[in-house]
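Q:
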Amino acid sequence: VQSLYPIVYCSDGFCELTGYARAELMQKSCACHFLLMAQIQGALDERREFKTELVFYKKG
Numbered sequence: 001v002q003s004l005y006p007i008v009y010c011s012d013g014f015c016e017l018t019g020y021a022r023a024e025l026m027q028k029s030c031a032c033h034f035l036l037m038a039q040i041q042g043a044l045d046e047r048r049e050f051k052t053e054l055v056f057y058k059k060g
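Each residue of the sequence shown is one higher than the one before, starting from 1 at the first, in the working numbering.
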């Protein structure tokens, strides 16, 4: 399934912080289930600003 809002860039710092390799993140949706935020998908669909606090867990 192709993502409507694919991740097209992630920094080395983000990869180091999360433990995910760039190849694992690229082309995944920035609103996908691993972020657990249906509100993000809605904001993207409506092209509106959305602010929230996210908690990221390291891989593994």
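Beta carbons are placed, not taken as given, at the ideal position from N, Cα and C, and that holds for glycine.
Please confirm whether V55 has its beta-carbon closer than 9 Å to some beta-carbon of chain B.
A: No chain B appears in this structure, which consists of one protein chain only.
Q: Using DSSP bridges, identify the partner residues of S29.
A: P6
Q: For Y9, does the count of other Cβ atoms within 10 angstroms reach 16, so buried, or fall short, so exposed?
A: Flag for Y9 reads exposed.
Q: Determine the burial state of Y57: buried for a count of at least 16 other Cβ atoms within 10 Å of its Cβ, exposed for fewer.
A: It counts as exposed.
Q: Shortest alpha-carbon distance to C30 belongs to which of F50, L4 and G13?
A: Residue L4 is the option with its Cα nearest to C30.
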